[in-house]
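Straight run, no breaks: the sequence shown in our numbering ends on number 681.
For glycine and all other residues, C-beta sits at the position ideal for the given N, C-alpha and C.
Here the structure is a predicted model, which is why all the values come from computation and not from measurement.
Working notes for the structure below.
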Amino acid sequence: MSKKSLISTLLLLSFTSNQLIAHAAGPLVVKNGKAITYGTRALTYRYDQGTLGKLSNTEITNIIESLFASWVNLTSSDVKFQKDSPGSLDFDVTDKNFDSILNSQELLGYSPIIFDTDGKLLDAFLGSGAGKSVLGLAGPITVSSGQFANQIAESQGVFNGKFINGIDSSSDPESSEDSLKGTILHEFGHAFGLDHSQINVESIKSGSTQEVRDSVPLMFPIAVNDLFTIQRDDQSAAASLYPNSSTASNFGKIEGKLLRSDGKTVVLGGNVIAKSVNNPILEAVSCVSDYLANSTGTYSLEALPPGDYTIEIEPIDLSFTGGSGVGPYSASKTDKSFVSPVPNGYYTGPNLPITTDKSKALIVSVSAGQTISGANIIASTTASTSSSSSSSSSGIISQLTEIEPNDSIAEAQNISIPAAISGNASSSDGGELELTSDTGAMIVISDLYQVVLNGTTSFNANLSIDSSSQQDDLDLVLFNSNGSQILDTSSQNGNTDELISTTLDTGTYLIGVGAFAGSSTYKLDINSSSGSTSNPTVTLSGSDTIFLNPSGMNFIQLTANGSNFTGMTPCSILTSNSTLLMSKPSRFMLGPIMTQKVITVKVPLIQAVNLISNGSSEVVTVSISCGNQTSDEKDILLSPNSFRTLNRKWRIKP
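Shown next as structure tokens:
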């Protein structure tokens, strides 16, 4: 039988996952430009015989049956769930006996639904600590050949009862039953092929209201509410994968391409959203450009109820990478969704530049059964072949050093962009701007930089943290000119790079850096761009972590992406430690037609076992260099443990 592959998604306390292979806001799995689904088959399942925390087997299976009905009863799609015969496994799956089910090298012929009553199974399956952070996981299983080679063969899911055991303490927090239901619905969306989607992304920003947080789709990457509601966007995504031929004529469709300012270069990984004029918060449907990963820049907004819509574009939020990724180009912070990210704006007509003025957005009327094609969007406020910045800078990057004092608004360091600033921040530093979060956490903004923009522009600020310690945690904040308003933040856990990417109007702005914990030197790169490119570039995209398993295949796949190559060019891959991490192939060609190459990087089993035994993590750098003087590198964390990623929501301390 052909090789069996599980594409699993982990639901942590914030819907964060660490093994997801995401392929678009729509399909989770894509092969040769086509979405991989169950086709007309049902997802056939069997239940574990165990309990889930305080819930008996009967109670939890009844809950799941009602949730499956929520997907099945959607009129716009034809998703099928079917209990197998027999409907249960013949034993209770635990941390002692899960291998034959979850690590089977052969297809089981059904999809197992496993109940980990206390988190111990997840610790054994994923690594120590997983049982204290993972709410659930589910995903489709694919095979490379045979009758299911172009379909999902089966799925599997595991849900954690530790968070619903009736105990609520700091060491054993309790989750609500509604949150569990949302987890199950979300994860089985993945199981039949749905990816994450991004709508109402302001729900994760500082100061967001509960009304906004309650409006996000079920397949939003992060849990921001306790609802278990299948929203319009989820219905559209399900309909695109499992169309219901009997009701398709009741809905309309908008499709086109997302293009750069030259009107020719396609955008890979921008978010496109159709919003109802009458109810833009809830009646909204999204799609990531080039969602089928075929380098066409195409988007398709499916199963739209008849009505009037505006079409918006926006960048994928940097918080949504790796297992929380949205679209095929968000595997890491250096992936294509975050390189020259699209600005925010509104569609004004076919092959026309966007506008930042909502009142000038084109109203698109969609009728039942209508497909509106050719709605191509220019992801720039001006259509131009020029690559000049909309700022007043010369385009030459200024290499600057932080000048103290710069910890107050009056003393903010003035810079011209593009600029690369070297600085240092410590949690012991003082500053005029103090921020707090809903959880009571605090941070002082100790370094402030002032920039002036001469025109509406796509603005990017990237904070690279030099420390190798997870204890050194810096955050990045964008303020208005007098520091009275937070416009955007990037505040991920640990020594992770931070990125703010947004569209700003003419004016003066402050960029602030502060240390949430520890201290570190850093480099802050700030630029503004129209989004067009001309010089050749090469980037490495893909997951940045290998979670080691003593009985598994410890590898990830990276993609080398070449842009603007004028001819076939030799490229080579190196790792900084070839004993710990091997790559295959090590040499290949990229060119104007052959723009991508998939590279497998693997930890040898003996090295994985040694790292797990020692409880130690290692970082290995993977580097690519090509004959046209382009290069890129990516740090890969080899980790024996899974961990959660959070995004703090800062507000100005009163």
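If you follow the alpha helix (DSSP H) that Val636 is in, where does it begin and where does it stop? 632-641
If the criterion is Cβ atoms closer than 7 Å, does the pair Gly146 and Gly158 meet it? yes
So, does the segment 475-492 touch the segment 528-538, judging by three or more C-beta pairs under 8 Å? yes
Across the segment 368-388 and the segment 339-352, are there enough close Cβ pairs to call them in contact, namely three or more that are closer than 8 Å? Yes, since at least three Cβ pairs between the segment 368-388 and the segment 339-352 fall closer than 8 Å, the two stretches touch.
Could you pull out every residue in the same chain whose Cβ sits closer than 6 Å to the Cβ of Asp344, ignoring the five residues on either side in sequence? Val228
What are the start and end residues of the beta strand (DSSP E) that includes Glu329? 325-331
Taking a contact to mean a Cβ-Cβ separation below 7 Å, would you say Glu26 touches Gly188 in this structure? Outside the shown range of the chain (28 to 681) lies residue 26, about which nothing can therefore be said.
How is Arg240 classed by DSSP in three states: helix, strand or coil? helix
Residues bridged to Asn130 by DSSP? When DSSP reads this structure, Asn130 sits in no beta bridge, so it has no partner.
Rounded Cβ spacing between Asp713 and Asp474 (contact assumed at less than 8 Å): Residue 713 lies beyond the residue range present for the chain, which begins at 28 and ends at 681; the question has no answer from this structure.
Quick check on the burial criterion: 16 or more other C-beta atoms within 10 angstroms. Buried or exposed for Met595? exposed
Alpha-carbon to alpha-carbon, Pro432 and Gly457: 10 Å
Name the residue from Ala447, Ser407, Ile405 whose alpha carbon lies nearest to the alpha carbon of Ser425. Ala447
Relative to the C-alpha of Ala468, which candidate in Asn520, Gly642, Gln225, Ser449 has its C-alpha closest? Asn520
Cβ neighbours of Gly193 in the same chain (closer than 6 Å, five flanking residues each side left out): Leaving aside the five residues that flank Gly193 on each side, the residues in its chain whose CB is nearer than 6 Å to its CB run, in chain order, Lys81.
Which of helix, strand or coil DSSP assigns to Leu164: strand
Under 7 Å between the Cβ atoms of Gly401 and Glu429? Going by C-beta atoms, Gly401 is not nearer than 7 Å to Glu429.
Out of Asp119, Asp126, Glu92, Ser127, state which residue places its alpha-carbon closest to the alpha-carbon of Asp111. Glu92
Kindly give me the distance between the Cβ atoms of Val391 and Pro333, rounded to whole angstroms, as I take these residues to be in contact under 8 Å. That belief does not hold up - the Cβ atoms of Val391 and Pro333 are roughly 12 Å apart, past 8 Å.
Does the separation of the CB atoms of Ala180 and Ile168 fall below 7 Å? yes
Residue closest to Ser276, alpha-carbon to alpha-carbon, out of Gly349, Ser351, Thr398: Thr398
Where Ala395 sits in the DSSP three-state scheme: The answer is coil: DSSP assigns Ala395 none of H, G, I, E or B.
Tell me which residues share the same chain as Tyr149 and place their Cβ nearer than 7 Å to its Cβ, disregarding the 5 neighbours each side in the sequence. A small correction: the amino acid at residue 149 is Leu; Tyr does not occupy that position in the sequence shown. Hits under 7 Å: Asp143, Ala157, Gly158, Val161, Val185, Asn187.
Would you mind listing the alpha helix (DSSP H) stretches within the segment 463-529 that are 4+ residues and don't spill past its ends, in chain order? none
Hey, out of Ser454, Phe95, Lys123, Val366, whose CA is closest to Ile472's CA? Ser454
Which same chain residues end up closer than 6 Å to Glu660 when comparing Cβ atoms and leaving out the 5 residues on each side of it in sequence? Excluding residues up to 5 positions away in sequence, Thr648, Ser650 lie with their Cβ nearer than 6 Å to the Cβ of Glu660 in the same chain.
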